[in-house]
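Residue numbers (our numbering), protein chains in the order written: chain U, 1 to 398; chain G, 1001 to 1260.
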Amino acid sequence: MKPTYQQPTERGYYGQFGGAFIPEMLYPNVEELRQQYLSIMAEPEFQQEYQQLLRDYVGRPTPLFEAKRLSAKYNTRIYLKREDLCHTGAHKVNNTVGQILLAKRLGKTRIIAETGAGQHGVATATVCALMGMECIVYMGEIDMERQKPNVYRMRLLGAEVRAAMSGSRTLKDATNEAIRDWISNPVDTHYIIGSVVGPHPYPDLVARLQAVISEEMRKQLLEKTGSELPNYVVACVGGGSNAAGAFYHFLEEPSVQLVAVEAAGHGVHSGHSAATSVLGTPGVIHGSRTLLMQDEDGQITEPYSISAGLDYPGIGPLHAFLADSKRARFISIEDEQALKAVAECSRLEGIIPALETAHALAALDQLGAGPDDVVVINLSGRGDKDLETYIKYADAIM
Amino acid sequence: MTNRIKDAFEKKQKNLLNIYFTAGYPRLHDTVPLIKALSEAGADLIEIGMPFSDPLADGPVIQASSTVALANGMNLRVLFEQLKGIRESVPETPILLMGYLNPVMQFGVDNFCREAAAAGADGIILPDLPLDDYVAEYQDIFRRHNLRPVFLITPQTAPERIRRIDELTDSFLYLVSGPGTTGGANTQAEGVQEAYFQRIEAMNLRNPRLIGFGIGDKASFQNACQYAEGAIIGSALIRALEGVDDAPAAAKRFVSSVLA
Chain U
1 MKPTYQQPTE
11 RGYYGQFGGA
21 FIPEMLYPNV
31 EELRQQYLSI
41 MAEPEFQQEY
51 QQLLRDYVGR
61 PTPLFEAKRL
71 SAKYNTRIYL
81 KREDLCHTGA
91 HKVNNTVGQI
101 LLAKRLGKTR
111 IIAETGAGQH
121 GVATATVCAL
131 MGMECIVYMG
141 EIDMERQKPN
151 VYRMRLLGAE
161 VRAAMSGSRT
171 LKDATNEAIR
181 DWISNPVDTH
191 YIIGSVVGPH
201 PYPDLVARLQ
211 AVISEEMRKQ
221 LLEKTGSELP
231 NYVVACVGGG
241 SNAAGAFYHF
251 LEEPSVQLVA
261 VEAAGHGVHS
271 GHSAATSVLG
281 TPGVIHGSRT
291 LLMQDEDGQI
301 TEPYSISAGL
311 DYPGIGPLHA
321 FLADSKRARF
331 ISIEDEQALK
341 AVAECSRLEG
351 IIPALETAHA
361 LAALDQLGAG
371 PDDVVVINLS
381 GRGDKDLETY
391 IKYADAIM
Chain G
1001 MTNRIKDAFE
1011 KKQKNLLNIY
1021 FTAGYPRLHD
1031 TVPLIKALSE
1041 AGADLIEIGM
1051 PFSDPLADGP
1061 VIQASSTVAL
1071 ANGMNLRVLF
1081 EQLKGIRESV
1091 PETPILLMGY
1101 LNPVMQFGVD
1111 NFCREAAAAG
1121 ADGIILPDLP
1131 LDDYVAEYQD
1141 IFRRHNLRPV
1151 FLITPQTAPE
1161 RIRRIDELTD
1171 SFLYLVSGPG
1181 TTGGANTQAE
1191 GVQEAYFQRI
1201 EAMNLRNPRL
1211 IGFGIGDKAS
1221 FQNACQYAEG
1231 AIIGSALIRA
1241 LEGVDDAPAA
1251 AKRFVSSVLA
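Right under this line is the structure:
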């Protein structure tokens, strides 16, 4: 089977990227998931329950808002896909609602997850509370410090938050700990991965669950602009789940420019960056072959970004394929540019974006979009969780 | 083709002790003295860990030792350099290299196998190398260099997959004792574990078996040996090396305590 941008091969490959590089201890779990995810998701009962939860619990469809003042500033037509209005404050819940239904059908009773900014952890803790399931969330010790409100949210929702103390004590290490937990609890536990990373079928599973974003965009664009297809779709990329969801139904539409925005931290080549598409080379991380930041010995490099959700040394295999084939354009944004974009979006549109999302907004002046072009930015999450960081940089951004 | 792993199992059919340690731990140049000490103390096979920054199948003890080893400057080039000439002092004890795929991929699979064989290695353990990828991309290279792959089997591994693994190797089968990463406590109820070991014994497989994960002292070693040709110890040795001045002496004491 030849892979397309939308669909990997049976073994989970998008070109040279993907696959399932996992220790034998995880093989039965991952194989069970691989064999069942497509048929379970196709069941009418699953779809009915999933769609109903998306509508009545998550609050979908999320609006597509024409940002007139931002449009005036950049002299183009900018629409914001308001994933920040989802229950729990980010797009992450689209995936956790779907995966908890999948986990139930697989007979699992215990849920584990990893989280960087805490948005995926909160979304997982939320659906576990909804379904009455035990929930353990791994989070890097440093991220727990910089995203305190989300740590408290998860605890309030009944989840246990476990600190990952190894390595850079951020998202990469939280993912290692979650995988180790799964190895230790192979029978009763489902691992809800929060991005389009990990062994096959996770990248495809998460992309399909997030694809609701671009599905809605097409309908809403037709209503608002007379065409289903915009000129640009812009989204930030850490692992890449919000970008995969925003791109999904445009992947096979060559007229739509897909723009993935990465965190360049203090500068792409400063040694404090998470711009994987520039700094990464092919390698294996967390169960898939993808682009990742590593040294010449194949040791994974510590990434850096001011935003905990983008602080990851790899990208999902689909995004590696999009970068490699040049189907998507990758732009890198530094911390300071992202902070400025936070202030700009807040002042001009009355929307305080998450730090992750702010990276996508900061790419606006690099697109080269004209006055008649339609630009859709996936507003992946809201900035409440980042208030402490914003307060710290208040003098610089206000 | 002859291979030291095969010879070791032919020579001694019961109670084989396979000892794991991390290359470059506790100090960069402890690797070769440790191999000699372990062999002299009676280890039947030696597994050398190639440290990796993100070891998914390892518990906190081995992970911490890998972090120290990397900080000490260990990498594959240094390791192969250190191992040169090891066969003059340790002619017979099988040496296996254990690690993760990414550093091997970056080194180049062919390069890696050539250097490993030249350094005197007999077998390779890469827990995150999928069977299909091994067959498609690694098998021919491994064979060309007479390196034997070792694959893991867990209580959840299906019988037909165990048979396939048994067909794909000519060394031994690594029976993971129960759920968990290396060095974890054995949480399996004893009856469940016994049934798993007996189920595999009853399959009459081609290869001998060694039981690993959670084996750490004389009692657990002897218990494991009831159900297989021998057992593998790693984390417990690493713990015994922590903070000592004379790592080879500590390793000898440790092996003696297991075999006493």
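Cβ atoms here follow ideal geometry from the backbone N, Cα and C, with glycine treated the same way. Model, not experiment: these values are computed from the prediction.
194(U) is the residue among 82(U), 194(U), 37(U) whose C-alpha sits nearest the C-alpha of residue 112(U). Of the residues assessed, residue 44(U) falls on the exposed side of the cut-off, its CB having fewer than 16 other CB atoms within 10 angstroms.
For residue 1001(G), the number of other beta carbons within 10 angstroms of its own is below 16, and it is reported as exposed. When 139(U), 179(U), 11(U), 186(U) are compared, the shortest CA-CA separation from residue 1156(G) is found for 186(U).
Within the model, the alpha-carbon separation for residue 396(U) versus residue 37(U) is close to 47 angstroms. The residues 234, 259, 261, 331, 333, in chain order, have a CB closer than 8 angstroms to that of residue 363(U) in the same chain once the five nearest residues on each side in sequence are set aside. For residue 1226(G), there is no enclosing alpha helix (DSSP H), as DSSP marks it with neither H nor E. Going by DSSP, residue 263(U) is part of the beta strand (DSSP E) stretching over 257-265. For the region 1103-1124 of chain G, the set of residues with a beta-carbon nearer than 8 angstroms to any beta-carbon of chain U comprises 1103, 1104, 1105, 1106, 1107, in chain order. Per the C-alpha coordinates, the member of 1194(G), 1016(G), 1154(G), 1102(G) positioned closest to residue 1039(G) is 1016(G).
Rounded to the nearest whole angstrom, the C-alpha separation of residue 151(U) and residue 198(U) is 24 angstroms.
For residue 1212(G), the uninterrupted beta strand (DSSP E) run begins and ends at 1209-1212, by DSSP. Residues of the region 256-271 of chain U that bring their beta carbon within less than 7 angstroms of a beta carbon in chain G are absent altogether. Closest by C-alpha distance to residue 1033(G), out of 1250(G), 1124(G), 1161(G), is 1250(G). At a cut-off of 8 angstroms between beta-carbon atoms, residue 180(U) makes contact with chain G. Beta-bridge partners assigned by DSSP to residue 235(U): 260(U). Interface flag for residue 1022(G) against chain U is unset, since no Cβ pair is found closer than 8 angstroms.
Only exposed fits residue 391(U), as fewer than 16 other CB atoms lie within 10 angstroms of its CB.
For the 8 angstroms CB-CB criterion, residue 1207(G) and residue 1172(G) form a contact. Where residue 288(U) is concerned, the enclosing beta strand (DSSP E) starts and stops at 288-292.
For residue 166(U), the neighbours in chain G by C-beta distance under 7 angstroms run, in chain order, 1063. For residue 347(U), the closest C-alpha among the options 18(U), 68(U), 54(U) is that of 68(U).
The Cβ atoms of residue 1019(G) and residue 1255(G) sit closer than 8 angstroms to each other. With contacts defined as CB atoms closer than 8 angstroms, residue 1025(G) and residue 1069(G) qualify as a contacting pair.
Rounded to the nearest whole angstrom, the CA to CA distance from residue 383(U) to residue 23(U) is 38 angstroms. In the three-state scheme derived from DSSP, where H, G and I count as helix and E and B as strand, residue 23(U) is classed as coil. Excluding five sequence positions before and after residue 1066(G), the CB atoms of its chain that fall closer than 8 angstroms to its own CB belong to 1022, 1025, 1049, 1051, 1052, 1053, 1055, 1058, given in chain order. Under the Cβ criterion of 8 angstroms, residue 1146(G) is not counted among the residues facing chain U.
Taking a Cβ-Cβ threshold of 9 angstroms, none of the residues of chain G is close to residue 17(U); the smallest such distance is about 13 angstroms.
Pairing residue 157(U) with residue 129(U) gives a Cβ-Cβ distance under 8 angstroms. Burial is judged here by how many other beta carbons sit within 10 angstroms of a residue's own beta carbon; residue 177(U) has at least 16 and is buried. The DSSP assignment places 1123-1125 as complete runs of the beta strand (DSSP E) inside the region 1114-1165 of chain G, in order along the chain (cut-off: 3 residues). With contacts defined by Cβ atoms closer than 8 angstroms, residue 1252(G) and residue 1041(G) form a contacting pair. Beta-bridge partners assigned by DSSP to residue 150(U): none are found.
If you ignore the 5 residues before and after residue 110(U), its C-beta comes within less than 6 angstroms of the C-beta of 134, 188, 189, all in its own chain and listed in chain order. Taking C-alpha positions only, residue 91(U) is separated from residue 244(U) by approximately 11 angstroms.
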